[in-house]
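Everything below concerns the one structure shown next.
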Amino acid sequence: MKWQSFMSTFVLNNMCELISSGVRTDKGFKEVHLNTVAKQVFELCGQEVSATQVYNHQRKWRSRWIQVSKLRDLSGASWHENTCSIVLEAEHYADHVADHPRDAEFLNTPIQNYNQMQHIFSFGLATGKHAMDSGEPLGSPMPDFPGTPDVEILDGPNKFGAVDRKRKRGGMMEEEINVFCSMTEAVKEVATAIRECKPLDVHPDLYGAVMTQGGFSDDALMAALSHLLDNKAQGVGFVAMAEAHRVLWLRSWLGKHYY
């Protein structure tokens, strides 16, 4: 299965919502929760997925979080909170990417779904100076399989021993909670709009063509997307436009509707 970018964001947002509602994930997401997310994906875009596919997709993003956490510890790297970016000087970046080409997508560019990954995975997976429990020995996190406890391999004299690690659930700042709530509400609005349209009437690239436009607020883009979903011909025409013409159309339409 090929996961579209908006589907990945939707899945991670719903996992964040489960955690915020009090669901315990110290032993991984239970099958009932994975089935819930799978059902929500189907309601969003009509794509049938299984709990196993949702779990495997979560594992992919868990691996990305581990990689991002390690890159934040790079010597000379700086972290830009506003853009969620790991920034290296040009020469340092060129040297590092030459040796590690797979790291390029996480350096000097905003990291996709960073806040969601942090909310879901940070309490057991951050490393180095970003570990949540700085008083505990740092080790190598073990794979997170449903039904098995989180364990880590210890450094020092007991390095071959494994101990259960209890995840400490920290409260999120009010601002972060508001961001997640807003994102969830926005995705729900898209889901409602898609459900009200016949599947064949929605161009498969329409969501990405609208929501990836820079220079507009999410609320404004969501309003434009809703309009295009209700008007098949305009939606198809928008996808077919050149990038510059899409921007012109959005400015014109949003200007008429007080955005």
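Position one of the sequence shown corresponds to residue 1 (the UniProt record's numbering), numbered consecutively onward.
Glycine included, each C-beta is placed from N, C-alpha and C at the ideal position.
- Beta-bridge partners assigned by DSSP to P110: S85.
- Below 8 angstroms, enough C-beta pairs join the segment 246 to 258 and the segment 211 to 230 to call them touching: three or more.
- From the listed residues D99, Q58 and D103, the smallest Cα separation to N14 is found for Q58.
- Taken through DSSP and simplified to helix, strand or coil, W3 comes out as coil.
- Annotation for H80: the continuous beta strand (DSSP E) segment containing it runs S78 to H80.
- Beyond the five residues adjoining it in sequence on each side, L34 comes within less than 7 angstroms, by CB distance, of A51, V54 and Y55 in the same chain, given in chain order.
- The criterion of a C-beta distance shorter than 9 angstroms is not satisfied by L254 and N113.
- Judged by DSSP in its simplified three-state form, G255 adopts helix.
- Look at K30 here: in three-state DSSP terms it is coil, with no helix or strand label.
- Annotated as proximal: I86 and S78, with beta-carbon spacing under 9 angstroms.
- Under the DSSP assignment, S226 falls in the alpha helix (DSSP H) whose first and last residues are D218 to D230.
- The beta carbon of Q118 lies closer than 8 angstroms to those of W65 in the same chain, with the five residues before and after it left out.
- Here S63 carries a helix assignment [DSSP, helix/strand/coil].
- For the set F29, H257, F121 and L74, the Cα lying nearest the Cα of L107 is the one of L74.
- For E91, the uninterrupted alpha helix (DSSP H) segment begins and ends at A90 to D99.
- Here the alpha carbons of L229 and V49 stand approximately 24 angstroms from one another.
- Residue range L206 to M211 is occupied by the alpha helix (DSSP H) that includes G208.
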